[in-house]
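A.B. asks:
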Amino acid sequence: MLLSVMNQHSQAYDLYQHQCYWYAHTIWKVLKKAFPDAFETDEAAGRSSYCGLTIKKADSVEEVYNEFCLERRNAEQREADKRREREEEAQQLRMEGRTEGQAEERARWKAEVEQARREKEEARREKEEAVRRAEEVERRAAQVRAELQAEIDRMRAQYERHAV
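Take any residue in the sequence shown, count from 1 to its spot, add 199: that is its number in the numbering used here.
1. For VAL336, name the three-state secondary structure that DSSP assigns.
2. Could you tell me the distance, in whole angstroms, from the CA atom of ILE226 to the CA atom of PHE238?
3. Quick check for students: name the residue ranges of the alpha helix (DSSP H) that lie wholly in the region 265-329, counting only runs of 4 or more.
4. When the distance is taken between beta carbons, is MET205 closer than 8 Å to ALA274?
5. Report the rounded CA-to-CA distance for LYS281 versus ALA315, giving the unit in angstroms.
6. Determine the direct distance from the alpha carbon of ALA279 to that of ARG285, and round the result to whole angstroms.
7. Can the beta-carbon of VAL260 be found less than 8 Å from the beta-carbon of LYS309?
8. Just to confirm the assignment, what range does the alpha helix (DSSP H) spanning ALA233 have?
9. Round the Cβ separation of GLU266 and HIS224 to the nearest angstrom and send it over; I've been treating them as touching at under 8 Å.
10. What is the rounded straight-line gap between the Cα of GLN357 and the Cα of ALA341?
11. Give a single yes or no on whether GLU320 has its beta carbon closer than 7 Å to a heavy atom of the ligand ADP.
12. Could you have a look at MET200 and say whether DSSP puts it in helix, strand or coil?
13. Quick check: what's the CA-CA separation for ASP174 versus TRP221?
14. Helix, strand or coil for GLN210? Go by DSSP, reduced to three states.
Pasting the structure below:
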């Protein structure tokens, strides 16, 4: 959401005001302002410079922050409106006792339950496959270790025969 606000605020690259330094700086400052309780380490010394030259950036943190807050409130309001509309629609269906609506709702619920069941089954299969692969790798590693140990033992015996 913030990146969208940034793009709307300055859609064109401007070497003297709206460049990558401005973009990163403004995003950082808006996030700090939006979430003041977040922990931060400030290592900004020497930033926004190129070959020792300080790069000037547009000072639009406050403006972007206000735009971001407005967009955030609007998004929250849209979500609340959608939720309220769904609740009102469900209430109306219950009030009217429409069996169609209830049947559709039940069908949606059943579809969601079935989807969740399929996802759970897929996750179970993936887990089993991962365990099977891990066991195969472990079995193959044990086999290679045994082969290497047999080769070492053979070479040691051969060495001892020649050393005697």
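From the three backbone atoms N, C-alpha and C, an ideal C-beta is built for every residue, glycine too.
C.D. replies: Short version:
1. Looking at VAL336 - three-state DSSP - the assignment turns out to be helix.
2. Their backbone Cα atoms lie some 16 Å apart in a straight line.
3. none
4. no
5. The alpha-carbon atoms of LYS281 and ALA315 are separated by roughly 24 Å.
6. 10 Å
7. no
8. 219-233
9. Between HIS224 and GLU266 the Cβ distance is about 16 Å, and since that is not below 8 Å, they are no contact.
10. 24 Å
11. Judged by which ligands are present, the structure shown has none, so any question about the ligand ADP falls away.
12. coil
13. No statement about residue 174 is possible, as the shown extent of the chain runs from 200 to 363 and does not include it.
14. coil
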